[in-house]
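Student:
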Amino acid sequence: MPVHGAGTPALPGPHDERAAVAAGRASASPQTLTAAPVRVQAAAAAGSSGQFVSYRVFATRYDPITAGSVEVAVPDKCVKFAAIGASTSGCPPGYFSGLDYRVVVTRDNGASMAIPVKDVGPWNIDDNYWDLPNGTRPRRLFKDLPRGLPESQAAFQNGYNTVPNCTNLDKRTPSGHSGPADQYGRCVLNPSAVDISTPAAQQLGFSGAEWVTATFLWEPGNALAKPALFRNGTWFFRNTLSTGPGDFSFVFGQPGDIGVVGDWNNDGVKTVGVFRPSNGLWYLRNSNTPGPPDGVFRYGSPGDVPVVGDWNNDGTDTLGVFRPREGRWYLTNFFDRGTADGVFQFGGPGDVPVVGDWNQDGTDTLGIFRSGTWYLTNFFDHGTADGVFHYGAPGDVPVTGDWDGDRSDTLGVVRSGTWYVSNVFGSGVGQQVFNFGLKGDQPRSWR
512 MPVHGAGTPA
522 LPGPHDERAA
532 VAAGRASASP
542 QTLTAAPVRV
552 QAAAAAGSSG
562 QFVSYRVFAT
572 RYDPITAGSV
582 EVAVPDKCVK
592 FAAIGASTSG
602 CPPGYFSGLD
612 YRVVVTRDNG
622 ASMAIPVKDV
632 GPWNIDDNYW
642 DLPNGTRPRR
652 LFKDLPRGLP
662 ESQAAFQNGY
672 NTVPNCTNLD
682 KRTPSGHSGP
692 ADQYGRCVLN
702 PSAVDISTPA
712 AQQLGFSGAE
722 WVTATFLWEP
732 GNALAKPALF
742 RNGTWFFRNT
752 LSTGPGDFSF
762 VFGQPGDIGV
772 VGDWNNDGVK
782 TVGVFRPSNG
792 LWYLRNSNTP
802 GPPDGVFRYG
812 SPGDVPVVGD
822 WNNDGTDTLG
832 VFRPREGRWY
842 LTNFFDRGTA
852 DGVFQFGGPG
862 DVPVVGDWNQ
872 DGTDTLGIFR
882 SGTWYLTNFF
892 DHGTADGVFH
902 YGAPGDVPVT
912 GDWDGDRSDT
922 LGVVRSGTWY
932 VSNVFGSGVG
942 QQVFNFGLKG
952 DQPRSWR
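Under the working numbering, the first residue of the sequence shown is numbered 512, with each subsequent residue one higher.
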């Protein structure tokens with residue numbers, strides 16, 4: 512991240528908090544801050560308690576080359592080569608023989624089966640959609656699509672990669688019409704992102720074409736939120752939701768700073784930063800280690816409360832501020848622009864802003880904590896809550912995170928060093944209660 516100074520978000524106006532009366536878990540999809548080329552939701556699901564990445568995808572059936580073979584095909588030739596022990600020459604580093612190259616396919620009726628990868632397809636051979644653009648095994652094609660969104664699904668549902676004359680399945684014969692295409696220019700006829708061999712399908716009771724949850728056993732999920740603290744310039748991190756001191760700590764920041772945590776470089780890891788109210792600067796670092804900031808940015812005004820989130824579902828957390836005196840949020844999809852891409856009314860003086868992906872769609876949206884009551888919305892722009900939940904008490908410090916790896920951020924409060932975190936939206940005791948830190952610490956979550 513480059514060091515860049517810029518202006519502050521503006522557009523002050525009168526306070527206009529609206530009544531937020533709703534209940535239950537919301538399911539609507541949020542509005543993004545900027546128009547995206549494709550707005551197909553990548554619906555993620557939990558896999559093996561968050562240990563491995565899982566996505567809900569469309570599956571089809573094929574007849575394997577080896578009769579009777581129980582196998583799956585995924586659209587990544589490098590996974591196939593590594594899985595069958597073939598040469599991975601020409602593939603990025605990170606494809607090692609000996610990893611557990613199996614896909615757990617789970618049907619909606621609960622039937623589940625771990626099936627080895629032995630082929631590639633059905634549409635693309637370089638669309639490892641389950642990977643990050645710059646991770647251990649980077650997504651090689653279609654990097655503008657959100658992680659977890661197969662190119663075939665984006666093409667079939669939204670016309671992604673439409674070409675003037677897509678070819679038929681033989682890759683040679685022109686179809687005579689424009690249409691969304693795969694990496695070979697073939698007309699995409701269905702959204703399939705995993706192919707199940709006929710023998711495997713028979714064991715699974717799979718009819719041949721349906722939506723399933725696919726869990727990729729060679730891709731660690733690293734999605735489970737863990738507790739962190741910021742105290743007078745020192746960060747403390749724990750690796751589990753359990754009582755104890757920090758597993759590691761380091762200095763980054765100074766007394767008076769407000770600690771923030773986010774994935775600043777789309778590598779799948781949330782790392783530290785601080786907002787310094789005295790000068791309106793953000794100091795961000797790309798690793799949870801001591802050292803100088805990787806980026807310094809100006810964004811905000813005196814009295815603003817910093818917030819961080821992935822506002823446009825691109826895998827990168829960017830900056831925002833909540834201005835209590837106005838009840839307005841100023842959010843940006845960039846680090847160095849200095850002006851807001853979206854200004855939204857939600858909350859008011861005395862409220863504590865909270866951010867999270869409340870509905871598993873990959874986009875962080877808004878919330879406020881008010882004396883033990885949470886007001887959460889899946890939208891940026893309608894000003895009312897989609898869910899109102901009582902969890903905590905006046906004086907508690909709110910903290911949000913995906914505590915169980917199901918890809919939904921839920922609630923937590925910290926009370927004099929005791930954490931109460933819940934995996935559901937609603938009243939009641941926390942699923943996890945543990946001691947970490949002291950009264951006055953700034954609680955955060957990381958992964």
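C-beta atoms are modelled at their ideal positions from N, C-alpha and C, and glycine is treated no differently. Bear in mind that the values here come from a model prediction, so they are computed numbers and not experimental data.
Taking Cβ positions, are Phe936 and Gly898 nearer each other than 8 Å?
Tutor: For this step, residue 936 is matched to residue 425 along the sequence shown. For this step, residue 898 is matched to residue 387 along the sequence shown. Cβ atoms of Phe936 and Gly898: closer than 8 Å.
Student: Can you give the Cα-Cα distance for Asn676 and Tyr794, rounded to whole angstroms?
Tutor: As a position in the sequence shown, residue 676 is number 165, starting the count at 1. As a position in the sequence shown, residue 794 is number 283, starting the count at 1. Straight-line Cα distance between these residues: approximately 49 Å.
Student: Applying the criterion that 16 or more other CB atoms from any shown protein chain within 10 Å of the CB defines a buried residue, is Leu949 buried or exposed?
Tutor: In the sequence shown, the residue the question calls residue 949 occupies position 438. It counts as exposed.
Student: Taking just the CA atoms, how far does Gly941 sit from Glu486?
Tutor: No answer is possible for residue 486: it lies beyond the span of the chain, which begins at 512 and ends at 958.
Student: Consult DSSP for Phe667 and reduce its assignment to one of helix, strand or coil.
Tutor: Counting from one through the sequence shown, the residue named residue 667 turns up at place 156. Phe667: helix per DSSP, three-state reduction.
Student: Which partner residues does Val674 have in the DSSP bridge list?
Tutor: Locating residue 674 in the sequence shown gives position 163, where the first residue counts as 1. Bridge partners of Val674: Gly690.
Student: Using DSSP's beta-bridge definition, name the partner residues of Phe759.
Tutor: Locating residue 759 in the sequence shown gives position 248, where the first residue counts as 1. In the DSSP output, where bridge partners are listed per residue, Phe759 has Phe748.
Student: Indicate whether Leu715 and Asp611 have their beta-carbon atoms separated by less than 8 Å.
Tutor: Position 204 of the sequence shown, counted from the first residue, corresponds to residue 715. Position 100 of the sequence shown, counted from the first residue, corresponds to residue 611. No, these two residues do not count as a Cβ contact at 8 Å.
Student: Kindly identify the DSSP beta-bridge partner or partners of Val628.
Tutor: Sequence index remark: in the sequence shown, residue 628 carries index 117 (1-based). DSSP, once it has assigned bridges, lists Val583 as partnering Val628.
Student: Count the other CB atoms within 10 Å of the CB of Thr678; is the residue buried (16 or more) or exposed (fewer)?
Tutor: Against the sequence shown, residue 678 aligns to sequence position 167. Counting Cβ neighbours within 10 Å, Thr678 comes out buried, since at least 16 surround it.
Student: Check the DSSP bridge columns for Gly853 and list the partner residues they point to.
Tutor: Stepping through the sequence shown from its first residue, residue 853 is reached at position 342. Gly853 pairs with Leu842.
Student: Tell me the DSSP secondary structure of Lys588 in three-state form.
Tutor: Here residue 588 is taken as the residue at index 77 of the sequence shown, counted from 1. The answer is helix: DSSP assigns Lys588 an H, G or I state.
Student: Short of 6 Å in beta carbon distance, which residues of its chain neighbour Arg651, apart from the five on each side in sequence? Order them along the chain.
Tutor: Position 140 of the sequence shown holds residue 651. Excluding residues within five positions, the ones whose Cβ falls inside 6 Å are Asp637.
Student: In this structure, does DSSP put Gly716 in helix, strand or coil?
Tutor: Numbered from its first residue, the sequence shown carries residue 716 at position 205. DSSP places Gly716 in coil when its eight states are reduced to three.
Student: Taking the beta strand (DSSP E) that Thr929 belongs to, which residues open and close that run?
Tutor: Taking the sequence shown and counting its residues from 1, one reaches residue 929 at position 418. Thr929 -> beta strand (DSSP E) spans Thr929 to Val932.
Student: By DSSP, does Thr754 sit in helix, in strand, or in coil?
Tutor: Locating residue 754 in the sequence shown gives position 243, where the first residue counts as 1. Thr754: coil per DSSP, three-state reduction.
Student: Please classify Ala704: does DSSP put it in a helix, a strand, or coil?
Tutor: Residue 704 sits at position 193 when you count from the first residue of the sequence shown. Ala704: strand per DSSP, three-state reduction.
Student: Under the assumption that Ile707 contacts Ile626 (Cβ atoms under 8 Å), give the Cβ distance between them as a whole number of angstroms.
Tutor: Locating residue 707 in the sequence shown gives position 196, counting from the first residue. Locating residue 626 in the sequence shown gives position 115, counting from the first residue. Going by Cβ atoms, the distance from Ile707 to Ile626 rounds to 7 Å, so yes, they are a contact pair.
Student: With three or more beta-carbon pairs closer than 8 Å as the criterion, would you say the region 653-667 touches the region 754-766?
Tutor: With a cut-off of 8 Å, the region 754-766 and the region 653-667 do not count as touching, because too few Cβ pairs lie within range.
Student: Since Phe808 is in the beta strand (DSSP E), which residue starts that stretch and which ends it?
Tutor: Within the sequence shown, residue 808 is the residue found at index 297, counting from 1. Note, Phe808: beta strand (DSSP E), Gly806 to Arg809.
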